[in-house]
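Colleague: Taking the working numbering, the leading residue of the sequence shown gets 4, the next gets one more, and so forth.
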Amino acid sequence: MKVLVLGAGVVGVTTAYELLRDGHEVVVLERESAPAQGASHANAGLIVPGDALAWGFPERLRSLPKVWLGLEQAMRIGFPGPHLISWGLRFLKECTTEAWHRNTLIRHRLSHYSQTVMSEMLAESGVEYDRVPGGVLSIFRDPRSLEHGNRLRDILREAGQSFELLDAMQLVKREPAFANTRTTLAGAILCPTDESGDCHGFTQNLAQICQERGATFQFGVTARYFISDGDHVAKVATDHGEFTADAFVLCLGCWSPQLAGSLGETLSIYPVKGLSLTLPIESGHQPPTLSCSDQNAHITCSRFGDRLRVSSLAAFVGFNTKHRPRQFGYILKGIRELFPHGADYERPKYWAGLRPMTPDSTPILGRGRHHNLLFNTGHGSLGWTMACGSARITADLLLRQPPGTDLSGLGPR
Ligand SMILES: Cc1cc2nc3c(=O)[nH]c(=O)nc-3n(C[C@H](O)[C@H](O)[C@H](O)COP(=O)(O)OP(=O)(O)OC[C@H]3O[C@@H](n4cnc5c(N)ncnc54)[C@H](O)[C@@H]3O)c2cc1C
Numbered sequence: 004m005k006v007l008v009l010g011a012g013v014v015g016v017t018t019a020y021e022l023l024r025d026g027h028e029v030v031v032l033e034r035e036s037a038p039a040q041g042a043s044h045a046n047a048g049l050i051v052p053g054d055a056l057a058w059g060f061p062e063r064l065r066s067l068p069k070v071w072l073g074l075e076q077a078m079r080i081g082f083p084g085p086h087l088i089s090w091g092l093r094f095l096k097e098c099t100t101e102a103w104h105r106n107t108l109i110r111h112r113l114s115h116y117s118q119t120v121m122s123e124m125l126a127e128s129g130v131e132y133d134r135v136p137g138g139v140l141s142i143f144r145d146p147r148s149l150e151h152g153n154r155l156r157d158i159l160r161e162a163g164q165s166f167e168l169l170d171a172m173q174l175v176k177r178e179p180a181f182a183n184t185r186t187t188l189a190g191a192i193l194c195p196t197d198e199s200g201d202c203h204g205f206t207q208n209l210a211q212i213c214q215e216r217g218a219t220f221q222f223g224v225t226a227r228y229f230i231s232d233g234d235h236v237a238k239v240a241t242d243h244g245e246f247t248a249d250a251f252v253l254c255l256g257c258w259s260p261q262l263a264g265s266l267g268e269t270l271s272i273y274p275v276k277g278l279s280l281t282l283p284i285e286s287g288h289q290p291p292t293l294s295c296s297d298q299n300a301h302i303t304c305s306r307f308g309d310r311l312r313v314s315s316l317a318a319f320v321g322f323n324t325k326h327r328p329r330q331f332g333y334i335l336k337g338i339r340e341l342f343p344h345g346a347d348y349e350r351p352k353y354w355a356g357l358r359p360m361t362p363d364s365t366p367i368l369g370r371g372r373h374h375n376l377l378f379n380t381g382h383g384s385l386g387w388t389m390a391c392g393s394a395r396i397t398a399d400l401l402l403r404q405p406p407g408t409d410l411s412g413l414g415p416r
């Protein structure tokens, strides 16, 4: 079957890989000149089933007034236009304890499955991406937040996820880079099966492998709308003419709703802006080996070889990736406190990207009203974690064979 994949982020490229494994002819359309130029470009790099907690929960509602008043550094809401209002109303419905439980378990199930698919993909393809296995640390600066964070993870424990609770001394033993920390730390929760790696490197290298296996990547091509005939998508119109295929997979991240809209399908995906900075590591620096997420300073940090990636922020400001160095001030301050000699803090490389976030924090997988169009989009804050599993599921659905995990709650909605 000839399959056209729209988008060459981590989701589109992993999809192309799985489709090739099934023997399909694969064409990938991407408007940029290379893979992974959208959200997959410089994300935090965490692969974290152990941090699959959904974004909507009752406490989020209580924190909203502070966010509106601009008192939360790591979360911002811009002037709400119609897109944000309609998304936001749906999000508010997901802020109950019951919905949080449901959405967290869906996220965890898919993330866990994705890790299994990813390890098969690594063994089979040999793709390289500065992988760091061995766990990810959630660190807490005060005992109350440690206790709260530990309690929140009970739901994941019940789903079979294992965690280790570490006090401050045990934390330093596990990650010696914390010995120099200039802030108080109450302790950490280690999820030993979580890991990290460079999503951009992975996506680029996997795209190369796909091309060697016969996939065609058409860069610099912007998809404009689908052309359908009843419940059959016939072609996609682009700025470089029309492309036909037997089946189509929509992997355009935040930009998926526009294309789906040309078929009358509504996908509720909002672009939630995040920031990252990448710092060079040189001899004499003392960076951490394990990735960590500071639950009080709201920053995450991962090491990719000789680079340290630090990330933060959830800003609801539309399709806006503009950024200024001073917006990264609190991120630099937080990481310097944790690892004063962790990297060269004078030479940061700044980046902003857009998470394709659904109101319930879970992606949209499967068919809508058109039998030969599959959605694989809306992975929000965990697209790197969930990409490989979502790709395999999409390939299975195309062949109409049962996927390797339960899809409840993941269909178009
Ligand atoms: C700051 C930040 C930190 C993050 N940290 C993590 C993390 O630690 N762990 C994790 O699991 N996830 C993380 N994420 C989320 C993750 O990066 C995303 O969920 C994931 O990259 C989404 O991948 P995608 O392929 O769906 O989208 P994208 O990577 O955005 O890819 C979509 C592609 O479609 C292309 N495109 C768009 N419109 C068109 C068109 N009309 N025609 C042709 N091409 C088009 C774009 O150019 C782009 O290449 C983070 C995100 C951000 C922003």
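Ideal placement from N, C-alpha and C gives every residue a C-beta, glycine not left out. It should be emphasised that the depicted structure is a prediction, and the values quoted were computed from it without experimental measurement.
1. With C-beta atoms as the reference, is residue 226 less than 9 Å away from residue 376?
2. Three or more beta-carbon pairs under 8 Å between the segment 182-194 and the segment 340-355, yes or no?
3. Judging by CA-CA distance, which residue of 265, 245, 217 is the nearest neighbour of residue 468?
4. Note down, in chain order, each residue of its chain lying with its Cβ closer than 6 Å to the Cβ of residue 79, except the 5 sequence neighbours on either side.
5. Quick one: Cα of residue 28 to Cα of residue 398, how far?
6. Going by CA-CA distance only, name the one from 197, 13, 46 that's closest to residue 353.
7. List in chain order: all unbroken beta strand (DSSP E) runs of 3+ residues lying wholly within the segment 95-129.
8. If contacts are defined as beta-carbon pairs under 8 Å, then residue 326 and residue 355 qualify, I think. What distance do you get, rounded to the angstrom?
9. Does ligand 1 have even one heavy atom less than 8 Å from the beta-carbon of residue 14?
10. Would residue 44 be called buried (16 or more neighbouring beta carbons within 10 Å of its own) or exposed?
11. Is residue 390 a contact residue of ligand 1, with contact defined as CB to any heavy atom under 8 Å?
12. Once the 5 residues before and after residue 396 are set aside, which same chain residues still bring their CB inside 6 Å of it?
13. In its own chain, which residues sit with a C-beta less than 8 Å from the C-beta of residue 245, not counting the 5 before and 5 after it?
14. Please report how far the alpha carbon of residue 132 lies from the alpha carbon of residue 18, in whole angstroms.
15. Taking 8 Å as the cut-off, is the beta-carbon of residue 415 closer than that to any non-hydrogen atom of ligand 1?
16. Using the Cα positions of residue 140 and residue 248, report the straight-line distance between them to the nearest angstrom.
17. Compare the beta carbon distance of residue 439 and residue 388 with 9 Å and say whether it is the shorter of the two.
18. With a cut-off of 8 Å, do at least 3 Cβ pairs link the segment 290-297 to the segment 173-182?
19. Considering residue 205, what are the terminal residues of the alpha helix (DSSP H) in which it resides?
20. Going by CA-CA distance only, name the one from 31, 160, 298 that's closest to residue 146.
21. Compute the distance between the beta-carbons of residue 86 and residue 348, then report whether it is under 9 Å.
22. Could you name each continuous alpha helix (DSSP H) segment of 4 residues or more that falls completely within the segment 250-292, going from the start of the chain to the end?
23. Of the residues 23, 153, 110, which one's Cα is nearest the Cα of residue 50?
24. Which residues mark the beginning and the end of the alpha helix (DSSP H) in which residue 161 is found?
25. With a CB to CB cut of under 7 Å and the five nearest residues on each side skipped, what residues in its chain are close to residue 241?
26. Could you name the residues that DSSP lists as bridge partners for residue 309?
27. Quick one: what's got a C-beta closer than 8 Å to residue 84's C-beta in the same chain, skipping five residues either side?
28. Given the structure, does residue 38 come close to ligand 1, in the sense that its CB is under 8 Å from one of the ligand's heavy atoms?
29. Tell me whether the segment 194-205 and the segment 51-65 touch, counting them as touching only if at least three CB pairs, one residue from each stretch, are closer than 8 Å.
30. Ligand 1 and residue 429: does the residue's C-beta get closer than 8 Å to at least one heavy atom of that ligand?
Modeller: Concretely, from the data shown:
1. no
2. yes
3. As displayed, the chain neither begins before 4 nor continues past 416, which places residue 468 out of reach and without an answer.
4. 318
5. 13 Å
6. 46
7. none
8. 4 Å
9. yes
10. buried
11. yes
12. 368, 406
13. 230, 238, 239
14. 18 Å
15. no
16. 45 Å
17. As shown, the chain starts at 4 and ends at 416. That puts residue 439 outside it, with no answer to give.
18. yes
19. 202-215
20. 298
21. no
22. 259-264
23. 110
24. 157-161
25. 32, 224, 225, 226, 227
26. In the DSSP output, where bridge partners are listed per residue, residue 309 has none listed.
27. 321
28. yes
29. yes
30. Because the chain spans 4 through 416 in this model, residue 429 falls outside it and cannot be assessed.
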